[in-house]
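Beneath this line is the structure, given in structure tokens, with notes to follow.
Protein chains in written order, with this note's numbering: chain A, 0 to 881; chain B, 100 to 222.
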């Protein structure tokens with residue numbers, strides 16, 4: 000598409016009248032002018048093209064003959080005419096100075112674009128209504144998972160709820176329709192789908208009969224259906240083996256259904272009926288259910304909470320050992336509105352992001368204001384002349400304001416485009432903790448926001464030049480040779496100070512977050528994370544009807560370890576349940592049980608059933624005693640290894656080795672044979688917590704999940720195919736899943752702080768760039784206003800370096816004030832970052848000093864070019880211009 | 100000056116420059132653009148759309164006519180200023196002269212040395 004053809008189209012669109020009568024001539028002229036412009040160079044060409052296209056938007060000036068009749072127009076249309084004329088003037092003025100206009104629009108676009116991006120995310124995650132019917136009345140039963148009997152009793156006994164539903168999530172193996180794979184299953188109660196307004200796209204929904212003990216049906220997720228069966232509708236009615244049991248697929252879930260994250264992080268592949276008759280769900284010691292409810296009409300949350308508390312009291316009386324703690328207090332169940340439970344953790348993070356991007360936008364506005372002020376002063380003569388020729392001050396201010404609004408709107412358009420890009424980047428790189436992040440969209444709400452922001456920024460930075468122009472005194476300006484404005488210097492200085500202060504705040508925030516990340520990276524995980532391959536298996540399931548019995552699982556682990564160890568490149572193999580870095584952060588899935596020492600002191604540590612060679616494979620050194628062996632499973636009391644902190648909590652100064660403990664409600668006897676120190680299971684930034692390691696063969700066989708770790712001397716991932724084959728020979732219907740190196744897992748656990756500090760660093764870099772630009776243009780202007788003074792100084796003997804230091808001193812003075820204000824802001828605002836930083840204080844003085852140094856250096860750099868220019872002022876030229 | 104010429108004053112700056120260009124000789128579009136650019140020291144750069152808009156309007160108002168005077172193989176239209184156009188141009192320059200005289204009296208216009216002329220005395 001040549002420029003000529005483009006111009007032809009544009010002409011047809013925007014200047015129909017010319018196109019109809021003078022098309023050929025206009026196009027030929029365009030060609031000639033384009034040719035001339037090309038000859039003169041690239042800049043001339045760009046200017047010509049910009050001019051030609053932009054000017055198509057102009058309304059032609061009305062000739063005098065028709066102006067007389069214009070006085071018959073009403074005042075409103077006169078305003079409109081004025082507005083349009085101002086817009087026209089603005090566009091013409093901008094197209095005459097494209098570089099200036101482009102710079103300003105670009106700065107605004109970046110600020111507005113970033114703000115709109117973050118706002119889109121906040122809107123989707125925090126503000127938008129949940130996609131469920133009557134979402135405001137949905138409630139989440141908090142404090143972890145709940146027991147089967149609790150759910151049954153709640154369903155029967157709570158009148159405050161119109162409906163209650165529960166879900167039990169886990170991983171099971173799916174066989175049929177392809178290679179066996181591990182899928183995420185959610186077993187849900189009858190009211191679940193109704194509660195969340197979800198239906199099936201194909202097939203039928205779960206019916207009452209499905210919840211009987213012998214029915215085995217499933218509804219599968221849309222994505223799984225596409226992936227595994229190629230969206231073939233004949234899959235309905237087909238049987239597969241789910242968790243070892245023959246199951247009939249009866250429906251495909253609505254693809255729009257997005258379950259709340261509490262249900263397995265929202266990634267559910269298969270939905271099956273929840274059977275409360277299942278052994279595990281009759282046991283009051285097992286917590287696996289996530290419970291939701293919808294408040295009955297007319298009932299508020301406090302009333303419902305009261306009812307739940309009362310019922311819990313009754314339960315505590317019937318089963319005190321379950322529902323009461325050591326000190327006799329009853330374990331309450333707090334009710335939380337569903338939306339709050341989904342967003343509480345990320346609320347602060349998003350608020351911080353919004354604050355940071357707001358700072359960036361403010362800096363962008365200040366920058367643009369500085370640029371406009373500088374240019375505005377250059378136009379004082381023009382304004383003064385126009386004033387003398389009859390334009391009112393109001394008109395002049397209005398025109399300047401219009402200019403700012405137009406720039407703001409253009410910046411908004413650019414920002415809108417950048418926001419699309421920004422949202423894509425954000426969703427791609429975000430660490431995966433944000434709920435509903437995949438529903439982020441640039442939509443009308445966001446558009447309205449963007450528009451409001453661009454108009455607001457236009458008014459904010461446009462106000463200053465407009466106010467200044469209103470004070471223009473015509474005759475003095477025109478008589479006066481220089482166009483120095485006394486009051487303006489102060490305002491410009493204040494803007495620079497503001498810009499530096501805001502930039503320092505952002506730099507400080509970024510610095511503190513980066514140091515957080517570094518601190519986390521420095522944490523010793525307590526074992527060697529390199530060269531370790533990990534994967535998980537789920538042979539069988541919970542309960543008596545599992546395809547794998549306890550003994551079969553133990554035998555599987557034994558065989559697996561033996562076979563894997565025989566592979567070339569393998570140094571050692573271990574297995575167990577609860578490998579480090581499998582569940583990180585706040586979400587933990589672990590087996591917790593109480594242990595009692597001989598004095599009756601009780602703790603509730605995490606219990607890790609581990610196979611032989613666990614500590615050797617992980618290379619977690621023992622600080623006392625010995626590791627667990629295979630034969631320990633048969634000994635009584637059963638040998639166990641403790642975390643050092645746990646041992647200290649239980650035995651204080653006594654030597655823990657040889658001491659006995661009672662585990663759980665069955666009071667199994669344990670004896671401490673070894674101590675390990677600082678093995679991080681839940682993440683580098685999480686505390687180690689209390690942990691007890693017991694032999695897998697004694698305590699782990701009943702758990703359906705096994706995690707395997709292989710210490711390799713070669714690249715761990717190179718062994719994956721061999722491992723898969725091996726498992727397949729042992730059991731062809733047992734897939735391996737969650738294959739990853741330990742390093743990978745550790746890296747994933749740091750994804751959130753990495754993302755956050757990276758984002759803030761980007762903001763801070765942009766802020767630094769803008770601040771440098773603002774200081775530079777401000778100082779350039781300052782120098783150009785003082786040419787006469789500088790010339791005089793040189794004439795009376797000042798040295799070049801005196802002039803340089805003059806400029807730099809002034810620049811540093813402004814920057815220094817800005818740093819002081821910024822430091823105060825950063826220290827005051829530190830508490831907002833408290834929950835997001837780790838290992839460093841949000842008001843850390845060293846980071847503050849470093850940030851100030853960086854900004855000061857940048858300020859000096861920004862002053863250099865103007866300073867050098869000042870030093871080369873030719874006194875003769877300047878004084879002769881008098 | 101003729102009554103209807105008066106009705107066109109004050110001229111829009113663009114129209115003034117176009118009429119000036121045509122007053123020198125008949126020109127086609129490209130030549131007008133170049134002449135205007137030269138006259139305004141490169142400050143007024145016309146784009147095709149607005150040039151032809153202006154020429155159309157001036158033609159409609161009777162200040163300019165289109166001729167098909169052949170410029171060799173040039174099939175482009177050539178524009179010529181009319182008598183009315185010259186009258187309007189004359190009237191505009193007189194108006195501007197009066198304006199600058201007033202401005203000079205007020206002391207708003209210092210002597211310009213750019214074009215090498217000496218400061219004028221009031222005539």
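Quick reminder that beta carbons are idealized off the backbone N, C-alpha and C, glycines included.
Spatially closest choice to residue i from the options, by CA coordinates
i             : options                       : result
residue 24/A  : 120/B, 148/B and 157/B        : 148/B
residue 608/A : 635/A, 363/A and 641/A        : 641/A
residue 796/A : 865/A, 668/A and 873/A        : 873/A
residue 670/A : 594/A, 723/A and 699/A        : 594/A
residue 31/A  : 146/B, 121/B and 103/B        : 146/B
residue 143/B : 193/B, 115/B and 109/B        : 115/B
residue 626/A : 525/A, 355/A and 611/A        : 611/A
residue 106/A : 850/A, 493/A, 709/A and 371/A : 371/A
residue 884/A : 663/A, 234/A, 148/A and 353/A : Here chain A has residues from 0 to 881 only, and residue 884/A is not among them.
residue 863/A : 854/A, 804/A and 837/A        : 804/A
residue 403/A : 199/A, 54/A, 275/A and 100/A  : 100/A
residue 271/A : 292/A, 258/A, 340/A and 184/A : 184/A
Environment of residue i [buried if 16+ CB atoms lie within 10 Å]
i             : result
residue 118/B : buried
residue 631/A : buried
residue 351/A : buried
residue 410/A : buried
residue 453/A : buried
residue 425/A : buried
residue 823/A : exposed
residue 514/A : buried
residue 276/A : exposed
residue 318/A : exposed
residue 865/A : buried
residue 180/B : buried
residue 423/A : exposed
residue 328/A : exposed
Under 9 Å from the C-beta of residue i: neighbouring residues of chain B
i            : result
residue 10/A : 147 and 148
Minimum Cβ-Cβ distance from residue i to chain E less than 8 Å
i             : result
residue 144/B : Going by chain labels, chain E is absent from the structure shown, which instead holds the protein chains A and B.
Closer than 8 Å to chain A by CB, residue i
i             : result
residue 185/B : no
residue 152/B : yes
Strand pairing of residue i, partner residues [DSSP]
i             : result
residue 705/A : 536/A
residue 571/A : 710/A
residue 164/A : 291/A
residue 170/A : 183/A
residue 139/A : 291/A and 335/A
residue 180/B : 163/B
Residue-level contact to chain B via CB, residue i, 8 Å cutoff
i             : result
residue 24/A  : yes
residue 31/A  : yes
residue 14/A  : yes
residue 50/A  : yes
residue 101/A : no
residue 86/A  : no
residue 356/A : no
residue 877/A : no
residue 17/A  : yes
residue 63/A  : With a pLDDT of 48 at residue 63/A, under the threshold of 50, the modelled position of that residue is not reliable, and the figure given next carries that caveat. At least one chain B Cβ lies under 8 Å of residue 63/A.
Interface residues of chain A facing residue i [CB-CB closer than 8 Å]
i             : result
residue 132/B : 28 and 32
Residues that residue i contacts on chain A, provided the C-beta gap is smaller than 9 Å
i             : result
residue 128/B : 21, 24, 25, 27, 28 and 31
residue 178/B : Going along chain A, no residue has its Cβ under 9 Å from residue 178/B, so there is no contact; the nearest lies around 10 Å.
Under 7 Å by beta carbon: chain B residues contacting residue i
i            : result
residue 55/A : 148
Per-residue contacts from residue i into chain A (C-beta, under 7 Å)
i             : result
residue 175/B : 24 and 27
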